[in-house]
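Numbering that gives the first Met the number 0 puts the first residue of the sequence shown at 0, with every later residue one more than the last. In what follows, a single structure is set out as structure tokens and then discussed.
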Amino acid sequence: MDVSVGGESAIGPTVPAPSCDRRPRPAELPEVRLRRPAFDQALAQVGVTSYQSMAGTFGIDVDEIMAAMQGRPVTPSFVATVTMALPQLRFNELFQLNLGRPVGRVAESRSLERR
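If you want it as structure tokens, here you go:
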């Protein structure tokens with residue numbers, strides 16, 4: 000499968016160029032992390048074999064890719080770009096949503112309830 004970001008592709012889907020918005024995840028959103036090795040297998044299926052080729056294919060910053068591969072939470076724009084580039088896979092096949100700990104306003108309201 001050929002994946003093209005922000006361009007034309009005669010073989011596979013064309014993925015719009017990702018947003019330049021690289022702001023961190025808002026506190027009220029749960030953390031999202033990559034599911035590995037499922038994510039690695041999905042990349043191999045589309046011919047992505049390195050951080051540099053992923054950056055070129057998906058238009059994602061190499062530092063952001065490295066952080067995600069090291070287990071750090073990913074940004075909403077990372078999730079959006081990857082899910083658009085790999086539409087044959089479901090969100091929960093590629094990513095793990097951490098709903099275990101309250102974040103943001105939910106944590107604040109629970110803390111106030113305990114007082």
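Cβ atoms here follow ideal geometry from the backbone N, Cα and C, with glycine treated the same way.
Q) Touch check for the segment 55-63 and the segment 25-37: three-plus C-beta pairs under 8 Å? A) Using a C-beta cut-off of 8 Å, the segment 55-63 makes no contact with the segment 25-37, since fewer than three inter-stretch Cβ pairs fall below that distance.
Q | 7 Å Cβ shell around L88 - same chain, five flanking residues per side excluded | A | A41
Q: Going by CA-CA distance only, name the one from V81, E63, T74 that's closest to F38.
A: The option with the nearest alpha carbon to F38 is V81.
Q. With C-beta atoms as the reference, is F77 less than 8 Å away from A84?
A. no
**Q.** Chain-order list of residues whose beta-carbon lies under 6 Å from that of V73 (same chain, five-residue window excluded)
**A.** V31, A67
Q. Looking at the structure shown, is L93 part of a helix, part of a strand, or coil, going by DSSP?
A. helix
Q.
Helix, strand or coil, according to DSSP, for L42 in the structure here?
A. helix
Q. Grouping DSSP H, G and I as helix and E and B as strand, with all else coil, what is V73?
A. Correct three-state label for V73: coil.
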